[in-house]
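>
Number of protein chains: 2
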Amino acid sequence: MDKIFQDVADNVAWLSGIGADPTGGTTRLLYSDYWVEAQQGVKKKMDDAGFTTYFDDIGNLFGRVEGSTYKDETIMSGSHIDTVVNGGKLDGQFGVLAAYLAIKYLKEKHGQPLRNLEVISMAEEEGSRFPYVFWGSKNFFGLANKDEMADVADFEGVKFVDAMHGAGFDFRDETKPLRDDIKAFVEIHIEQGKVLENEGKAVAVVNSIAGQRRYTIVLNGESNHAGTTPMSYRKDTVYAFSKIVTQSIDKAKKIGDPLVLTFGKVEPKPNTVNVVPGETLFTMDCRHTDEAELHSFTAEIEQDMKTICAEMGIDISIDLWMDEAPVPMDPHIVSVLEGVCKKEGLNYRVMHSGAGHDSQIFAPRVPTAMFFVPSIGGISHNPAEDTKTEDLVEGVKALTEALYELAYK
Amino acid sequence: MDKIFQDVADNVAWLSGIGADPTGGTTRLLYSDYWVEAQQGVKKKMDDAGFTTYFDDIGNLFGRVEGSTYKDETIMSGSHIDTVVNGGKLDGQFGVLAAYLAIKYLKEKHGQPLRNLEVISMAEEEGSRFPYVFWGSKNFFGLANKDEMADVADFEGVKFVDAMHGAGFDFRDETKPLRDDIKAFVEIHIEQGKVLENEGKAVAVVNSIAGQRRYTIVLNGESNHAGTTPMSYRKDTVYAFSKIVTQSIDKAKKIGDPLVLTFGKVEPKPNTVNVVPGETLFTMDCRHTDEAELHSFTAEIEQDMKTICAEMGIDISIDLWMDEAPVPMDPHIVSVLEGVCKKEGLNYRVMHSGAGHDSQIFAPRVPTAMFFVPSIGGISHNPAEDTKTEDLVEGVKALTEALYELAYK
Numbered sequence: 006m007d008k009i010f011q012d013v014a015d016n017v018a019w020l021s022g023i024g025a026d027p028t029g030g031t032t033r034l035l036y037s038d039y040w041v042e043a044q045q046g047v048k049k050k051m052d053d054a055g056f057t058t059y060f061d062d063i064g065n066l067f068g069r070v071e072g073s074t075y076k077d078e079t080i081m082s083g084s085h086i087d088t089v090v091n092g093g094k095l096d097g098q099f100g101v102l103a104a105y106l107a108i109k110y111l112k113e114k115h116g117q118p119l120r121n122l123e124v125i126s127m128a129e130e131e132g133s134r135f136p137y138v139f140w141g142s143k144n145f146f147g148l149a150n151k152d153e154m155a156d157v158a159d160f161e162g163v164k165f166v167d168a169m170h171g172a173g174f175d176f177r178d179e180t181k182p183l184r185d186d187i188k189a190f191v192e193i194h195i196e197q198g199k200v201l202e203n204e205g206k207a208v209a210v211v212n213s214i215a216g217q218r219r220y221t222i223v224l225n226g227e228s229n230h231a232g233t234t235p236m237s238y239r240k241d242t243v244y245a246f247s248k249i250v251t252q253s254i255d256k257a258k259k260i261g262d263p264l265v266l267t268f269g270k271v272e273p274k275p276n277t278v279n280v281v282p283g284e285t286l287f288t289m290d291c292r293h294t295d296e297a298e299l300h301s302f303t304a305e306i307e308q309d310m311k312t313i314c315a316e317m318g319i320d321i322s323i324d325l326w327m328d329e330a331p332v333p334m335d336p337h338i339v340s341v342l343e344g345v346c347k348k349e350g351l352n353y354r355v356m357h358s359g360a361g362h363d364s365q366i367f368a369p370r371v372p373t374a375m376f377f378v379p380s381i382g383g384i385s386h387n388p389a390e391d392t393k394t395e396d397l398v399e400g401v402k403a404l405t406e407a408l409y410e411l412a413y414k
Numbered sequence: 006m007d008k009i010f011q012d013v014a015d016n017v018a019w020l021s022g023i024g025a026d027p028t029g030g031t032t033r034l035l036y037s038d039y040w041v042e043a044q045q046g047v048k049k050k051m052d053d054a055g056f057t058t059y060f061d062d063i064g065n066l067f068g069r070v071e072g073s074t075y076k077d078e079t080i081m082s083g084s085h086i087d088t089v090v091n092g093g094k095l096d097g098q099f100g101v102l103a104a105y106l107a108i109k110y111l112k113e114k115h116g117q118p119l120r121n122l123e124v125i126s127m128a129e130e131e132g133s134r135f136p137y138v139f140w141g142s143k144n145f146f147g148l149a150n151k152d153e154m155a156d157v158a159d160f161e162g163v164k165f166v167d168a169m170h171g172a173g174f175d176f177r178d179e180t181k182p183l184r185d186d187i188k189a190f191v192e193i194h195i196e197q198g199k200v201l202e203n204e205g206k207a208v209a210v211v212n213s214i215a216g217q218r219r220y221t222i223v224l225n226g227e228s229n230h231a232g233t234t235p236m237s238y239r240k241d242t243v244y245a246f247s248k249i250v251t252q253s254i255d256k257a258k259k260i261g262d263p264l265v266l267t268f269g270k271v272e273p274k275p276n277t278v279n280v281v282p283g284e285t286l287f288t289m290d291c292r293h294t295d296e297a298e299l300h301s302f303t304a305e306i307e308q309d310m311k312t313i314c315a316e317m318g319i320d321i322s323i324d325l326w327m328d329e330a331p332v333p334m335d336p337h338i339v340s341v342l343e344g345v346c347k348k349e350g351l352n353y354r355v356m357h358s359g360a361g362h363d364s365q366i367f368a369p370r371v372p373t374a375m376f377f378v379p380s381i382g383g384i385s386h387n388p389a390e391d392t393k394t395e396d397l398v399e400g401v402k403a404l405t406e407a408l409y410e411l412a413y414k
């Protein structure tokens, strides 16, 4: 236990130091110098551990231990190596390190597995440098479209293609076959919420990734003088917005888990103390693990909004600009992960993920499930992102046992 | 009638042309070249009409017709000559022109009045160039404080004192006595609201200027990930804001005229689609003509806000940064104005003003009342600010008859 604790602490400190920024966070964007340094560093660790390592065309890194018996069956684990700007030390990278450590421990303790064990350190998930998410996992499954990237550039004007070439990589060679040997994918990640912390759990088995719908809604009423316009004359869009939010969130609270509803952005016009706001733009983010529930709830809220606005003589335009279906994890892999938690006597629970992860690209294509470890204060995408090392260790132990179950039996 | 119509149309076109800006509006800021041109232009018109004209120290312009009998009694009318940036053609300046035309007509038709009749074209009311309002009227009553202006500068860095000197004026000589001869002040102004238009009235007699309280309120809850934070864990400040607004405006609507309540500015943080807003700043503007009602309503709303926030575990800070008492108009002058409307068969009503005017500085000190003429669409402080010339003419006629009642009887 002491060795694992030290390994986890040392590895997290080492990897999050590559791209450490002055605020105490880590900024490691796709194809940047720090990104190259991190992938090469992880490669060297895996080389040193006796893994067979290689990059694919676009820069996903792999570290492989060959199986003795089922040579065309691979059990894979990993996550992404990139971070958001001024991000934390765990999001993504802990999943890479945990996979490396787990497979290293298994190899040391049990020797060659029956099935291949493979780490994947994915090139990109966050969409923080270029306006594109899941570049790593989508390329692994041949889902990324080369043509989409032709005109993509980062916030400094560097073209995606030039950044990729600069890091020594290129678009996927589409003549190469896609892999059909992945029999399981297990990702471990921080929760990025407070459920585990509040419940005093060390680990979770994730059985689903919530679907999400995001909207931008614009209300058009009438701008009026705040002093000279009687209440009965007004078409006050902040009042309409407030009625919508109050009613919608009251409904969402009544339904409760796993439904969440957020009105994160509000922009009235002219946004000044003495003018009744004639226009208000706002966003709505709704998530649920059940697609039918997500659709019926958002349809009801859309209708409510229209009714509220119609009663007030206010025009409404509703733009649904993101509509991602929920992604269920594989029931068999989930049961393997749960079995491990029970056997090891871990203080665990089963839960869904409200945030997106690489596993949502894997899950529809190969049997997939996830572990979560707690996030202190639920904080993520922030230099304060942290997890107790004891909990990270519990996560690595659970992952190790799960990979043992999947690759050695 | 045709002559008045032409006079009104010509004078409004002429005066609003001084400082006309490319958007079709008028920008005539205190002590600017256009401001000097406008005051000098009005002075010349009054000189030509045989008025005795003069400026006071700070640049208020006066045009006087001496009375024959009550030489220490003056009936005054006027408004302000300055505009907001990109303002309209009537706010303030119509009151100056109407006073000039009314006294000119009276002099032409009835000769010398019993009491002095005097136009005042006030230097400033809007606070649009320097952060100071009612510079003209406050100086007339010796209420402006010279020391306050020492470090005041406009948005281009020009110091108030230098702008004033540049226009040929200086601070009020405080050794000069203040006037005690004003027996009545009557101001005519556009309504800046839609009440007269909606009711098809040509003119209003104003019996009160509403008091107003302005607040900035900050709610502090907790910023959370919109996907990973169950509804029951949230301290969502946009939800708290929405409950406050819904409940408060529902109450304000139930009470109705003359109470108005506006939440004009809303600024959540971080103001992005996928984060539960941990902080929300907003403003509240509340007005009423009765001080006790204004105080008791805002006290109730303040308590409601605290209750809503306490229930949600959200901190609230409430800053009342403007607290102006209502200003009642003089009942006798109001009755004189109403009597004129009845006698002339005007389509009028009595109403309060929800906006501030020079009359609120006059009313506590000399017997004061106001006329309103309609604003098309309620629009003001905007190039589209307008009133039908027929309605402006009705206003000038009403003012003329009111000044006759006050100065010739």
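Chains as they are written, first to last, in our numbering: chain A, 6 to 414; chain B, 6 to 414. Where a beta carbon is used, it is the ideal one built from N, C-alpha and C, also for glycine.
1) Let me see if you follow: with CB-CB separation under 7 angstroms, is A:D96 close to chain B or not?
2) For the stretch 196–284 of chain B, list the beta strand (DSSP E) runs that are entirely contained and at least 3 residues long, ordered along the chain.
3) Return the chain-ordered list of same chain residues with a C-beta closer than 7 angstroms to the C-beta of A:E42, the five sequence neighbours on each side being excluded.
4) Along the stretch 175–209 of chain B, what residues have a CB closer than 9 angstroms to any CB found in chain A?
5) Determine contact between the stretch 198–212 of chain B and the stretch 271–291 of chain B, defined as no fewer than three beta-carbon pairs at a distance below 8 angstroms.
6) Between which residues of its own chain and B:H386 is the CB-CB distance below 6 angstroms, once the five residues before and five after are set aside?
7) Per DSSP, A:H293 is paired with what?
8) Is A:K94 near A:V17, with beta carbons less than 7 angstroms apart?
9) Counting beta carbon pairs with one atom in the stretch 361–380 of chain B and one in the stretch 188–201 of chain B, are three or more of them shorter than 8 angstroms?
10) Which residue's Cα is closest to the Cα of A:M236: B:R219, B:E395, B:T288, B:D262?
11) Can you list, in chain order, the residues of the stretch 261–287 of chain A whose Cβ is nearer than 9 angstroms to any Cβ on chain B?
12) My assumption, with CB atoms under 8 angstroms, is that A:M356 sits in contact with A:V265. Please give the rounded CB distance.
13) Taking a contact to mean a Cβ-Cβ separation below 7 angstroms, would you say A:K270 touches B:T242 in this structure?
14) Measuring alpha carbon to alpha carbon, tell me which residue in A:K143, A:F160, A:D167, A:V70 is nearest A:N121.
15) Using a Cβ cut-off of 7 angstroms (strictly closer), state whether A:Y244 contacts chain B.
16) Can you give me, in chain order, the residues of the stretch 372–388 of chain A that have a beta carbon less than 7 angstroms from any beta carbon in chain B?
17) In three-state terms, what does DSSP make of B:E78?
18) With respect to the beta strand (DSSP E) encompassing B:Y4, which residues constitute its N-terminal and C-terminal limits?
19) Quick check on the burial criterion: 16 or more other C-beta atoms within 10 angstroms. Buried or exposed for A:K347?
20) Which of the residues in the stretch 229–241 of chain B, read from start to end, lie with their CB under 8 angstroms from any CB of chain A?
21) So if DSSP puts B:E329 in a beta bridge, which residue, or which two residues, is it bridged to?
22) Find the residues of chain B that neighbour A:A461, judging by a C-beta separation of less than 7 angstroms, and give them in chain order.
23) Against B:S301, what residues of chain A qualify as contacts under a CB-to-CB distance less than 7 angstroms, listed in chain order?
24) Does any residue of chain B bring its CB to less than 7 angstroms from the CB of A:R292?
25) So, is the C-beta of B:K258 closer than 7 angstroms to a C-beta in chain C?
26) Excluding five sequence neighbours on each side, which residues of the same chain lie with their C-beta closer than 6 angstroms to the C-beta of A:I338?
27) Are there 16 or more other CB atoms within 10 angstroms of the CB of A:L148, so buried, or fewer, so exposed?
28) On a CA-only basis, which of A:H362, A:F10, A:Q252 is nearest A:A107? Give me that one, please.
29) Using a Cβ-Cβ cut-off of less than 8 angstroms, give me the residues of the stretch 21–49 of chain A that come near chain B, in sequence order.
30) For the beta strand (DSSP E) containing B:T373, list its first residue and its last residue.
31) Thinking just about the alpha-carbon of each residue, which of A:T234, A:P388, A:L342 is nearest to the one in B:G383?
32) Is A:Y105 helix, strand or coil by DSSP?
33) Cβ of B:I254 less than 7 angstroms from any chain A Cβ?
34) Let me know if A:Y409 comes out buried or exposed under the rule of 16 or more other beta-carbons within 10 Å of its beta-carbon.
35) In this structure, how does DSSP classify B:G181 when only helix, strand and coil are distinguished?
36) Between the stretch 156–173 of chain A and the stretch 77–89 of chain A, do at least 3 Cβ pairs fall closer than 8 angstroms?
Walking through what the data contain:
1) no
2) 208–214, 216–225, 265–267, 271–274
3) I23
4) E196, Q197, G198, K199, V200, N203
5) no
6) V89, G92
7) A:G216
8) yes
9) yes
10) B:D262
11) G261, D262, P263, L264, V265, L266, T267, F268, G269, K270, V271, E272, P273, P275, N276, T277, V278, N279, V280, V281, P282, T285, F287
12) Not a contact, Cβ separation roughly 13 angstroms.
13) no
14) A:V70
15) yes
16) G383, S385
17) strand
18) One cannot answer for residue 4 of chain B here, as it falls past the ends of chain B, which runs 6 to 414.
19) exposed
20) N229, H230, A231, G232, T233, T234, P235, M236, S237, Y238, D241
21) B:Q217
22) No answer is possible for residue 461 of chain A: it lies beyond the span of chain A, which begins at 6 and ends at 414.
23) Those do not exist, as B:S301 stays about 17 angstroms from chain A at its closest Cβ, beyond 7 angstroms.
24) yes
25) Annotation note: the requested chain C is absent from the structure, which comprises protein chains A and B.
26) A189, P372, A374
27) exposed
28) A:F10
29) none
30) 373–378
31) A:T234
32) helix
33) yes
34) buried
35) A small correction: the amino acid at residue 181 of chain B is Lys; Gly does not occupy that position in the sequence shown. Correct three-state label for B:K181: coil.
36) no
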